[in-house]
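In the numbering used here, the protein residues as written are 2 to 252.
So the structure is just underneath, and the comments pick up after that.
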């Protein structure tokens, strides 16, 4: 699927080819430099005419800052990881076009070409799939009536014969960034006035043991505990659960 990054790579490749042929750019009467420059201008025109879906970097923090929460022993009291926020649409239930199923989930906005907007099936938590086992990579939404259209014979253009009114809503999609490091604080119980907190890191679901740590905090000194920039206010704690509020996330 074409993105701004793809266009930049193609343009750089064509520029390199222009340099290679700059000393000997005539081949059997064909001006190779003009052909390459013409291709370059075409790519730039396509890139300029299409509006790409907005993607930004975010941070996923659970629970939300300022919320009062209760967690049991062994449960996380804070989880945080880098995330991606993308323009998307969301299907709350599976729907079909010509026996092709669009499953429940998010679909990321790719390219707005004027009359149609292309949406991709992207593999991330809560992402949807198009067709059997996600066999189709994208579909289109016709702006004039919000009908959903399948692609035409695997080409990046809609097949208008398939355009069908479906129910969906425009909604930003926040999902974990690729190869992101997840940080967690875990409640491990209380002894006297001291509570035990574990720190753990994960990447792609795998623990990073060398970054683990276990800490004790004396609540008689302060009801606020901190680690790696995170700050938590403890309301109550015992050997069953902890009641707390996250004031700051990890730095």
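Glycine included, C-beta positions come from ideal geometry on N, C-alpha and C.
Can you tell me which of the options puts its alpha carbon nearest to the alpha carbon of residue i?
| i | options | result |
| --- | --- | --- |
| residue 103 | 179, 193, 166 | 166 |
| residue 234 | 76, 240, 245, 228 | 245 |
| residue 221 | 191, 252, 248 | 191 |
| residue 129 | 218, 97, 60, 193 | 97 |
| residue 88 | 73, 52, 67 | 52 |
| residue 187 | 80, 174, 110, 237 | 80 |
| residue 117 | 148, 95, 201, 61 | 148 |
| residue 145 | 138, 161, 131 | 161 |
| residue 82 | 101, 62, 243, 169 | 62 |
| residue 55 | 119, 251, 64 | 119 |
| residue 90 | 213, 175, 182 | 175 |
| residue 112 | 141, 60, 57 | 141 |
| residue 217 | 199, 207, 206, 232 | 199 |
| residue 95 | 133, 206, 243 | 133 |
| residue 205 | 229, 180, 214, 219 | 180 |
| residue 139 | 231, 101, 248 | 101 |
| residue 126 | 223, 114, 86 | 86 |
| residue 182 | 157, 123, 228, 212 | 212 |
Strictly by DSSP, which residues pair up with residue i?
| i | result |
| --- | --- |
| residue 105 | None, per the DSSP bridge assignment. |
| residue 58 | 85 |
| residue 226 | 233 |
| residue 1 | There is simply no residue 1 to check, as the chain begins at 2 and stops at 252 in what is shown. |
| residue 243 | 72, 238 |
Run through DSSP, which three-state label would residue i get?
| i | result |
| --- | --- |
| residue 138 | coil |
| residue 92 | strand |
| residue 203 | strand |
| residue 221 | coil |
| residue 211 | helix |
| residue 133 | helix |
| residue 72 | strand |
| residue 114 | coil |
| residue 18 | For residue 18, the pLDDT reaches just 47, beneath the cut-off of 50, and the residue's location in the model is therefore unreliable, although a value from the coordinates is still provided. If DSSP states are grouped into helix, strand and coil, residue 18 belongs with the helices. |
| residue 143 | strand |
| residue 250 | coil |
| residue 100 | coil |
| residue 238 | strand |
| residue 66 | coil |
| residue 122 | coil |
Within 10 Å of its beta-carbon, does residue i have 16 or more other beta-carbons around it, so buried, or fewer, so exposed?
| i | result |
| --- | --- |
| residue 159 | buried |
| residue 240 | exposed |
| residue 121 | buried |
| residue 106 | buried |
| residue 66 | exposed |
| residue 255 | Given a span of 2 to 252 for the chain in the structure shown, any question on residue 255 remains unanswerable. |
| residue 236 | exposed |
| residue 109 | buried |
| residue 185 | buried |
| residue 194 | exposed |
Worksheet entry | Entirely enclosed beta strand (DSSP E) segments - the region 151-195, minimum 3 residues | Counting only runs of at least 3 residues, the region 151-195 fully encloses the following beta strand (DSSP E) elements, listed from N- to C-terminal order: 156-159, 174-177, 182-192.
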